[in-house]
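In what follows, a structure is listed as structure tokens, so that the remarks can point back to it.
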Amino acid sequence: MQNLLTRMGVGVRLNGSVQQVFVIDTGAERSAVSAELAQALALPPGRPVVVHGITAAEVTPTVELAQIEIGRRRFTDLTLPVFPRDALGADGLLGLDLLSRFRLTLDVNARQVALSPSGSTSIALTTSPDATRPQQQDVLVAGRRGRFGQLILTRIEVAGVEVAAFIDSGAQYSIGNLALMRAAGIDQAAAPSEPVRMVGIVGGAVTARTGTTPALHIAGRSLGPTPLLFADLHVFQVMDLIDKPALLLGADILSRFSRITLDYGRSRVAFGGVLRRRAPG
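According to the numbering used here, the sequence shown holds residues 4 to 284 in order.
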């Protein structure tokens, strides 16, 4: 599966060139550039590096970038892995090597992204949901840093099972590991369907099982029955989450919230109100 419809991007300038749109990917350890854009800008080659994707790890060629501008912010002397544009689905992506310096607000439905200094207070935060005003408050969840800078969250429950979860804005679907599938008692045989084949940016294919949890709670808010994919992804292994119930939160679940704010400097995430689902027809 490739995620082309739910991605969000921001305008960037590489070495002062014309503006390009790079995808925001909170699940990527490193920012990357397409081979086509690197060639067009004549970026010099760098030393190969190992890049960890959700499905595999791979030694990847790189280029040296003197400067990237994101809004009014400028970063210099970067080494960017290079992938074909067809694999990235864009001219490049911004990963945690750059995003983890910011407070990042995502509006998946509007496909809007706001970057601000960590710790800024442009929205109200609360540590518990207000049932009388569920759409107007953001619920705060503390996190801890994972191996590549991901914020690993608690206060996430699948069928009553507390899980370690992290947000991957570059993933179209939410994926649990097999430990979660077993702990939550999700029986694939009760609702059999075709397995789903996933291919990551760095390569490597994984076949995922499908299932539906009867209940999903995030930060005290109920999202009701929710379909999930299940597979023991490479990313769970390298983040030491393979043997305990864990969940990658993709755009299918993120889009259920009015907004999500990741404050990497303070290691916390704020979830906006749960959006009402439209009635079918």
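Every residue gets a Cβ at the ideal spot worked out from N, C-alpha and C, and that includes glycine.
Since the structure is predicted, the reported quantities are computational estimates derived from the model, not experimental observations.
Q. Taking only runs of the beta strand (DSSP E) that begin and end inside the region 194-268, which ones reach a length of at least 3 residues, in chain order?
A. 199-202, 208-216, 219-221, 229-233, 249-252, 263-266
Q. Leaving out the 5 sequence neighbours to the left and right, which residues in its chain are closer than 8 Å to GLU61 when beta-carbon positions are compared?
A. Working through the sequence shown from its first residue, we reach residue 61 at position 58. For GLU61, where only same-chain residues beyond five positions count, the Cβ hits under 8 Å are VAL53, VAL54, VAL205, GLY206, GLY207.
Q: Please name the residue or residues paired with SER119 in a DSSP beta bridge.
A: The sequence position of residue 119 within the sequence shown is 116, counting from 1. BP columns for SER119 point to ARG106.
Q | Sequence-distant residues of its chain with Cβ nearer than 6 Å to THR264 (five each side left out) | A | As a first step, residue 264 must be located in the sequence shown, where it is residue number 261. Cβ within range, chain order: THR108, ALA273.
Q. Any idea if GLU160 is buried or exposed, counting beta-carbon neighbours within 10 angstroms, 16 or more meaning buried?
A. For the purposes of this step, residue 160 is identified with residue 157 of the sequence shown, where counting begins at 1. With 16 or more Cβ atoms within 10 Å of its Cβ, GLU160 is classed as buried.
Q: Report the rounded CA-to-CA distance for LEU128 versus GLY146, giving the unit in angstroms.
A: Residue numbering aside, residue 128 sits at position 125 when the sequence shown is read from its first letter. Residue numbering aside, residue 146 sits at position 143 when the sequence shown is read from its first letter. Note that LEU128 scores a pLDDT of 33, beneath 50, so its modelled location is shaky; the value from the coordinates is reported in the next line. Cα-Cα distance, rounded: 15 Å.
Q. Should LEU236 and SER261 be called a contact, given that it needs their Cβ atoms to be closer than 7 Å?
A. Working through the sequence shown from its first residue, we reach residue 236 at position 233. Working through the sequence shown from its first residue, we reach residue 261 at position 258. In this structure, SER261 does not lie closer than 7 Å to LEU236 by Cβ.
Q.
Does PRO228 pass the burial test, meaning 16 or more other C-beta atoms within 10 Å, or should it be called exposed?
A. Residue 228 sits at position 225 when you count from the first residue of the sequence shown. PRO228 comes out exposed.
(Q) Between ARG33, THR79, THR29, which has its C-alpha nearest ARG16's C-alpha? (A) Working through the sequence shown from its first residue, we reach residue 16 at position 13. Taking only the C-alpha atoms, the option nearest ARG16 is THR79.
Q.
By the DSSP assignment, the alpha helix (DSSP H) with GLU39 in it spans what residues?
A. Within the sequence shown, residue 39 is the residue found at index 36, counting from 1. Its alpha helix (DSSP H) spans residues 38-43.
(Q) I need the boundaries of the alpha helix (DSSP H) containing ARG50, first residue and last residue. (A) Within the sequence shown, the letter at position 47 stands for residue 50. Note, ARG50: premise wrong, no alpha helix (DSSP H); not H, not E.
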